[in-house]
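J.: Have a look at this one before I ask anything.
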Amino acid sequence: MTFSAFGPAFAESVTVTDWQAWESLSDAEKANIAPYCGGSFVAPVVAVPADLPAQQTYFTFNQSVSDKELNHTLTGDVNIHSAQGTLAADEVFYSTTTRKGDLQGNVVMRTENEGISGNDAEVNLETYYSLIKEAQFVLYEQDIHGEANEMERTDQDTYKARQITFTRCVPSSNAWNIKASKLTVDNEEGMATAWNARIEVQNVPVLYTPYIAFPLDDRPRTGLLTPTFGSANSLPYYIHLAPNYDDTVTPIITADDGTVLDNEFRFLTENHSATNQIAYQVIDGEDSSDRWGVSHEQTGTLPGDISYDFSTKWVSDVYFDSTYYRGSDEVDEQELSFDLKKKLAGFNNTLAFDYTRPVDDSTEDFETYSTKLSTSKGIFSSTLLYETQEEYEETSDADADDYDYMRAPELALTFKPKTTLLGFSTQEKFRAGYFTRELSDAQIDDLSGDDLDYATNAYRAHGSLQLYRTYKADRGFYFKPNLEMFATGYDMSNDEGFDLEEEYGGSSVSQYAWRTSFDTGFNLISGINTVSPRLYYAYAPLTDQDGPILDSDESTSFNLFTASRFSGYDRVGDMSRLSGSLTYKYRPDSRDTDLFSATFSKGIMLAQERLTEDGVDDVDDDWSPEYSDWNLDLTYTPGTDWTFKASAEVYHDWDDFESYSASAHYNPSGNGFAYFEALREEEDDEDDEDYETVFDYLSAGFYLPVWQNIAVIGYASVEKEAEDIGLDQYQFSKLLYGLEYDNCCWSFRFATLETASDDDESNALYPTSTDTSYYVEVTLKGIGTDTGSSIESILNRLDFGYTGRLFNYQ
C-alpha cells in the first residue's frame, strides 16, 4: 500500500460530470449514438500514477493523520486507486489492518462500466465490497443512469440498489423511468433485475410489475420481447435455454379468430441447425376451432460426411398463415422435402425426396411423391427420377385429363467431353423412362372413345448430340454455330382397348429430328458510346413426330433468340426464324458503369410452322411472314441513388402492349428506399381461376425519413384486367401505411395493413370490403428489443424492398 500527497480529485455527481454533449464526442463515440440525442455518458479517463505497482492499492490526498493502530484519516481530494477501481472523496477514514474504510463528502466510485457518486460510503478493499448512500449512477455501455437510496457492490461484478429510479433518457428528459424497490446488476451474467417495478411516462405511472429483467449486453437472455398491440396482439417471450438452443413462445390474440399459441424452437450445433415452429389455436374464434400450423427446417452433416436438408410445412387450413401472420400467402399444399448429399470417389451425389398433399380445404387434387438421385463428376452427370401421384379424396374432383404423366422412373445421362469433333465441342444426352398417368380404377371406368388414350402407358428412349463452337475476333465480334440432332423411340401399351395403331401408327414408334442456329454480333465503340448489333437465326425442318406427348408443351409466344418452340423431349418444332437486336450503351469517362443503355429487338418468322401439339397443320397457301412483338428495354442510372428501368412488348401493328414494365427505384445509403412500378402480365398459374387473364398492376413503396428521427413507410398495389380501359378501373389489392419515431430513450412504430376481401365485388378504386389490421409497438431503449416484432415480420413478408430499420442507434 502506498500513500502520496497530491491531487486534485473529481467529486461531482457522475450524471453531471460524465454527460458529454454531442459536439464533444469523438467520432468513435458518435458511431452508435443518434445525433438528435444531444450527447452520451462517457467514462472519464482516470489518471493513474505510472509507478503504481500491479495489484497494489494507492492513495493520494492533501493531508493525513495516523495512529499507532494503523488507522488513517485522509483529507483533501482523496483518491484511492486499486484493482477494484477508483474511489474519490473529501475525507477517508481507513484501517490498514482491516482494509476497510469510510468515505465522506462528494464520494465517487468508478469501474470500467460504472460510475457511482454519493454523500458517503463504506468500502472493503479486500473483498470488492462497497456501500454508497444517496447514490447517483451511470452504466456507460447502456447509457442508463439513475439514483438510489443506497447502492451496494457485493463482489467484483454484482451491484444491488434499493429504492431506485433509473432511465435511458437524457438527463433533462422525463419521457420514461422505472422506479423499483430493488435492482440487481450482474455484469458477469449481463443481466439487470428489478423488483416491485413501476414504469412511469412523464412521471405518471402506467404499469406495475413485480419483476422485470433486461439484458446489459448483446448476449441472448430469457425475457419478454417487444409486444405488438392492435388487431392482433402478440406477446413474444424468449427463453434462452443454452448458447446454442432457444425457444420463443408467442400468444397471438385476435378479436374474431381466437388465440393461437406459437412456439418457435431453434438449435445450432457443430453439425446441425434447425428451426421448428408449432402453432395451435388455444382459444376458439367466432367461426373456427382447432386450427394449427407446423413447420420445421433443418440442415446439417451426418456421420460419413453426408450433408442433408430437411423442410416441412403443414397447416390445418388454407388461410391459417394469412390469418395469424399477416402479409403471408395462403397455403394450398402440405409439403415435405428431404435431401442427402455425399461426395464419393470424386462424384457429387444427391438423393432428394419430395412429398406434397392438398390442404383439406384447398382446390388441389393430388398428393405427389418424387425421389431423385443425381450424380456428377467433371464431364459426366446423371439423374434417376421416380414420381407418383394419386387423388386426395378430401379435395379431389379431378378428371382424367387433370392427371399428368409421371416418370416411374426415368434415367437421364449427360456427357460433355473435353475433346472436340472437327473443332466443335460436343454434348451428348440420353434419357430413358417409363411414363404412366396412374389413373384410379374409377377414372378408368369412366373412359370411353378417344379418352381411352389417357390410359396409355409408354416407355421412351431419347438421345441427342449437340455440336457447338464460338469464333471470336476484334471489336467483340463473335460467331456461334450450333447443331443438335435427336432420336426418340416409344414403346406403348393400353389395356383398355384404345387403338394405338390408328392414333400413333403402332405400339412402337421412332422419330428423328434436327435443328441448327447461328448467333453473331459485334461492338462498335466510339469514345463513350457503344453500339452492339446482334443477329440470331434458327432453323428446324418438319419431320415425322408421331409419338405421344409425355412432357412437352408448345410455347404460344414468339420468343426471340431461341431454337426451340417446345419444352420437354417429345417434339422438335419446325421453324425458320430470324431474331435481331441493337444495343446502345452510354458510359461517361467519369463512371465505371453505364449511365444509359437501350436494347431494341425484333423477330421474323420466315416459314409456316406446322407442327403443333395436335399434329401437323396443312400447308397454308396464303401464309406470309409473321413478326414478333416490338421489344424494348431501357435502363437509366443517373447516380448511385436512382435507377430507372422500362421494358415493353408492343404488338407488331403498334395498337397495344402485349406486356410492359416500368420502374423507378430510389436507394440512398442505409435502409431507406422508394420505388414505383407499372406492370402488365398474364396469369400463368393453371390452378388459378384467372388463368391466362392479362392484368395491369401498379405498385409503389417507400421507407424514408421525413425528419432526422421520423420515418414513414408505405406500400400500395392496385390492379385491373388489361381489357378494362381507364385508370378508374384500377382497384386496391393491398395497402400498407405506417410511421416510425425514434428517440434517445424509446422508439415507436405504427402500421396498418389493408387487403381486399375475397368476397369483395365492388368496382371502386378502394374496395368496400377489406381485411384491415393495425399494429402498435413501443420499445423502451436499454431494457427492450425489437426482436420478435410483428411489424418487422409483416414488412419482411410483403417483400416490397424493406431490408431493415432506418434508425439502428443503440
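Numbers in this note's numbering are just positions in the sequence shown, counted from 1, shifted up by 46. For each residue, glycine too, the CB sits at the ideal point set by N, CA and C.
State the Cα-Cα distance for the pair A720 and A692, rounded to the nearest angstrom.
T.: Rounded to whole angstroms, A720 to A692 spans 17 Å at the Cα level.
J.: Is the segment 262-270 touching the segment 178-193 in the sense that three or more CB pairs, one from each, lie closer than 8 Å?
T.: Touching, yes, given that three or more Cβ pairs across the two stretches are closer than 8 Å.
J.: Here's a check: name, in chain order, each residue in its chain whose Cβ is nearer than 6 Å to the Cβ of T142, leaving out the five neighbours to either side.
T.: Counting only Cβ-Cβ distances below 6 Å, and skipping sequence neighbours, we find L116.
J.: Between S72 and Q130, is the Cβ-Cβ spacing less than 9 Å?
T.: Cβ atoms of S72 and Q130: not closer than 9 Å.
J.: Can you tell me whether R637 is buried or exposed, with buried defined as 16 or more other CB within 10 angstroms of its CB?
T.: Exposed: under 16 other Cβ atoms inside 10 Å.
J.: When the Cα atoms are used, what is the spatial distance from Y712 to S745?
T.: Taking the straight line joining both Cα atoms gives about 14 Å.
J.: Using 8 Å as the threshold, is the segment 303-321 in touch with the segment 329-345, meaning 3 or more CB pairs across them?
T.: Contact holds: three or more Cβ-Cβ distances are below 8 Å.
J.: Please state whether DSSP places K766 in a helix, a strand or coil.
T.: Note: K766 maps to strand in three-state DSSP.
J.: Residue range of the beta strand (DSSP E) that K146 falls in?
T.: Start and end: 146-156.
J.: What are the boundary residues of the alpha helix (DSSP H) that K76 is part of?
T.: Looking at the DSSP string, the run of the alpha helix (DSSP H) that includes K76 is 73-76.
J.: Give the range of the beta strand (DSSP E) segment to which Q188 is assigned.
T.: Taken as a continuous stretch (DSSP letters only), Q188 belongs to no beta strand (DSSP E), as it is neither H nor E.
J.: Classify S70 as helix, strand or coil using the three-state DSSP reduction.
T.: Looking at S70 - three-state DSSP - the assignment turns out to be helix.
J.: Is the segment 811-822 touching the segment 236-256, taking contact as three or more C-beta pairs under 8 Å?
T.: No contact exists between the segment 811-822 and the segment 236-256.
J.: Using only the alpha-carbon positions, how far apart do A762 and K206 sit?
T.: Distance between the alpha carbons of A762 and K206: 52 Å.
J.: To test your reading of the DSSP string, which unbroken alpha helix (DSSP H) runs of 4 or more residues are found completely within the segment 490-556?
T.: Qualifying alpha helix (DSSP H) stretches, in chain order: 546-550.
J.: Just curious, the alpha helix (DSSP H) that T857 is in, first and last residue?
T.: The displayed coordinates of the chain run from 47 to 856. Any statement about residue 857 would go beyond what the structure contains.
J.: Should L120 be labelled buried (16 or more other beta-carbon atoms within 10 Å of its own) or exposed?
T.: The residue in question, L120, is buried, as its Cβ has 16 or more Cβ neighbours within 10 Å.
J.: Suppose the cutoff is 6 Å on Cβ atoms and the five residues either side in sequence are ignored; what does the same chain contact list for S112 look like?
T.: Around S112: H118.
J.: Any idea which residues DSSP pairs L162 with across the strands?
T.: The question names Leu, yet the displayed sequence has Ile at residue 162. Per DSSP, M155, F183.
J.: Using 10 angstroms around the beta-carbon of L467, count the other beta-carbons present and answer buried if the total reaches 16, otherwise exposed.
T.: The residue is exposed, with fewer than 16 neighbouring Cβ atoms inside 10 Å.
J.: So the candidates are L397, I324, D701, D788; which of them puts its Cα closest to the Cα of Y370?
T.: Ranking L397, I324, D701, D788 by Cα distance to Y370 puts I324 first.
J.: What's the call for E410, buried or exposed, on a 16-neighbour Cβ count within 10 Å?
T.: That one is buried.
J.: Consult DSSP for S836 and reduce its assignment to one of helix, strand or coil.
T.: S836 falls in the helix class under three-state DSSP.
J.: Near Q344, what residues of its chain come up, given a Cβ to Cβ distance below 6 Å and the 5 sequence neighbours on each side ignored?
T.: So the qualifying residues of the chain are A320, F356.
J.: Compute the distance between the beta-carbons of E381 and F412, then report whether it is under 9 Å.
T.: Their beta carbons are not under 9 Å apart, which means E381 does not touch F412 by this criterion.
J.: Identify the residues that DSSP records as bridge partners of D742: which are they?
T.: Partner(s): R726, K766.
J.: Considering only the beta carbon of each residue, do N317 and T347 sit closer than 9 Å?
T.: The answer is yes: Cβ separation under 9 Å.
J.: Less than 9 Å separating the beta-carbons of T562 and A533?
T.: Not closer than 9 Å, so no.
J.: Within a Cβ cutoff of 7 Å, which residues of the same chain sit near D201, ignoring the five residues on either side of it in sequence?
T.: Counting only Cβ-Cβ distances below 7 Å, and skipping sequence neighbours, we find Y174.
J.: Measure the CB-CB distance between A458 and S416 and report whether it falls below 9 Å.
T.: No, these two residues do not count as a Cβ contact at 9 Å.
J.: Quick check on this structure: which residue in F311, D64, I425 has the alpha carbon closest to the alpha carbon of P282?
T.: Cα-wise, what sits closest to P282 is F311.
J.: I believe G373 touches L799 by the beta-carbon criterion, under 8 Å. Please report the beta-carbon distance rounded to the nearest angstrom.
T.: Going by Cβ atoms, the distance from G373 to L799 rounds to 7 Å, so yes, they are a contact pair.
J.: Identify, in the order they occur along the chain, each residue of the same chain with its Cβ nearer than 6 Å to the Cβ of F366, setting aside the five sequence neighbours on each side.
T.: So the list reads R337, G339, once near-sequence residues are dropped.
J.: If you follow the alpha helix (DSSP H) that V665 is part of, which residue opens it and which one closes it?
T.: Where V665 is concerned, there is no enclosing alpha helix (DSSP H), given that its DSSP letter is neither H nor E.
J.: Hey, how far is the Cα of F748 from the Cα of L725?
T.: F748 and L725: Cα-Cα distance of roughly 18 Å.
J.: Would you call the segment 617-634 in contact with the segment 652-661, where contact means no fewer than 3 C-beta pairs closer than 8 Å?
T.: Verdict: yes, contact present.
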